[in-house]
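Notes follow the structure.
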Ligand code: MG
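What follows is the structure, encoded as structure tokens:
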């Protein structure tokens, strides 16, 4: 029995080096926000997830260390990203630098390996299109996705229209374009000797070779995707946003490697209530008003945890009009918030809490609070509680209540 051939794989060079002169504003267009993350990151994520891609080189803007650093940081966790490098003055120069970086970092690169070159400002590239281009690229075959123009196309010469060109004979080129490594190197070398030739895509780069050196090369057209649009003008970005919203932006929300949330809460003192702080009862002082046990410390910590994982706030999860939470121990809210943190694939790494109270003296109670909170958290983390006064100023200074500030840092599992 003949074994099935292994699925084809390829390398990707994602070019996000342009200065975007046609796009208004001071920021290069590849860095503008699209549904919560920079434009360039969308396509990199799709290539990272695509099983047909074994390595990625990202080409960022020339002489912009800050931008390159951002690209490096945002792709730290992408195991397929081999290198993030600065591009050149032209698209072709940027591709050339990408190929050099690829060759320098991946010693296993073969002459027939497919290299897919993709525009970093085409954020909505699909996994299916990447696979289609990879599968059809071979040692003598260049693959270019195209779409058919929807408008009637005219040939013009100045003010004159000289011809109506049948649409079915035309294709609007997209990326990624697939070129075998050896042929791409040869075409780049030839272009470097004749750099004046304007080149706008890799198909044209190979076409630029002398006829005798490309006589056996097939240029193959595969069906491109209307969604794989190139963001050139602000209306393109709006169109991309609409498409993503249709596909539910929530599902593809950016997930940070690490995040910090902030929480703040205040409760007023009230007669005939126990003072509960940090999950323990502080004897000998009036308590705090509230629907639950009014543990202002835990409420601030819960808000910090929910904030760190982008899960809203304590009021959304535990409404103060819900009888289920009346006089409830706030340790329950902490347990629930920690469950939400776990469900979102994070773990609590560290939390720092500051209680602001003129009275009672809280410092002696901190070790007990830490012990109770750590027991509820039940996983190793750094936890710190500080108590301070507001020097007699404000509502805490007037002994009207207690305020608490908390920050919590979570890391992805
Ligand atoms: Mg509260």
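Numbering (our numbering), first residue to last: 758 to 1170.
Built from N, CA and C at the ideal position, the CB exists for glycine as well.
For residue j and residue i, the rounded distance between their alpha carbons
i            : j            : result
residue 991  : residue 1100 : 37 angstroms
residue 1074 : residue 1096 : 12 angstroms
residue 1051 : residue 1066 : 23 angstroms
residue 1023 : residue 1122 : 19 angstroms
residue 1080 : residue 1020 : 24 angstroms
residue 769  : residue 803  : 11 angstroms
residue 1124 : residue 1011 : 37 angstroms
residue 866  : residue 902  : 24 angstroms
residue 1170 : residue 1103 : 5 angstroms
residue 875  : residue 1107 : 40 angstroms
residue 891  : residue 975  : 15 angstroms
residue 813  : residue 962  : 21 angstroms
residue 969  : residue 945  : 16 angstroms
residue 1069 : residue 1098 : 12 angstroms
residue 704  : residue 880  : Residue 704 lies beyond the residue range present for the chain, which begins at 758 and ends at 1170; the question has no answer from this structure.
residue 1072 : residue 868  : 60 angstroms
residue 1141 : residue 855  : 47 angstroms
residue 1164 : residue 1154 : 23 angstroms
residue 860  : residue 1091 : 51 angstroms
residue 850  : residue 844  : 7 angstroms
residue 1039 : residue 1168 : 33 angstroms
residue 1116 : residue 774  : 59 angstroms
residue 1085 : residue 1033 : 11 angstroms
residue 952  : residue 965  : 11 angstroms
residue 977  : residue 905  : 15 angstroms
residue 984  : residue 930  : 13 angstroms
residue 923  : residue 994  : 30 angstroms
residue 785  : residue 989  : 11 angstroms
Buried or exposed by the 16-neighbour rule on C-beta atoms within 10 Å, applied to residue i
i            : result
residue 971  : buried
residue 959  : buried
residue 846  : exposed
residue 1134 : buried
residue 870  : buried
residue 822  : exposed
residue 981  : buried
residue 877  : buried
residue 1171 : In this structure the chain extends from 758 to 1170, so residue 1171 is not present and cannot be described.
residue 1144 : buried
residue 932  : buried
residue 793  : exposed
residue 1037 : buried
residue 790  : exposed
residue 818  : buried
residue 1136 : exposed
residue 1078 : exposed
residue 1118 : exposed
residue 806  : exposed
CB contact below 8 angstroms: residue i versus chain B
i            : result
residue 1117 : You won't find chain B in this structure, because it holds only one protein chain.
Residue i beta carbon near ligand 1 (any heavy atom closer than 7 angstroms)
i            : result
residue 1098 : no
residue 1024 : yes
residue 1056 : yes
residue 1053 : yes
residue 1069 : no
residue 855  : no
residue 1047 : yes
For residue i, the residue or residues it bridges with in DSSP
i            : result
residue 1038 : 1033
residue 872  : 768 and 936
residue 920  : 912
residue 929  : 904
residue 1111 : 1143 and 1162
residue 838  : 813
residue 1168 : 1015 and 1104
residue 1023 : 1160
residue 979  : 902
residue 843  : 817
residue 791  : 794
residue 895  : 898
residue 1072 : According to DSSP, residue 1072 bridges with nothing at all.
residue 1045 : 1026
Counting Cβ pairs closer than 8 angstroms, one from the stretch 992–1000 and one from the stretch 1139–1151, do we hit at least three? The stretch 992–1000 makes no contact with the stretch 1139–1151; the number of CB pairs closer than 8 angstroms stays below 3.
On the three-pair Cβ rule with 8 angstroms, is the stretch 797–806 touching the stretch 827–838? Yes, the stretch 797–806 touches the stretch 827–838.
Report yes or no: do three or more beta-carbon pairs, one from the stretch 937–947 and one from the stretch 913–922, lie closer than 8 angstroms? Judged by Cβ distances under 8 angstroms, the stretch 937–947 makes no contact with the stretch 913–922, as fewer than three pairs qualify.
Three or more beta-carbon pairs under 8 angstroms between the stretch 1126–1133 and the stretch 1013–1030, yes or no? Taking one beta carbon from each stretch, the stretch 1126–1133 and the stretch 1013–1030 have fewer than 3 pairs nearer than 8 angstroms; the two do not touch.
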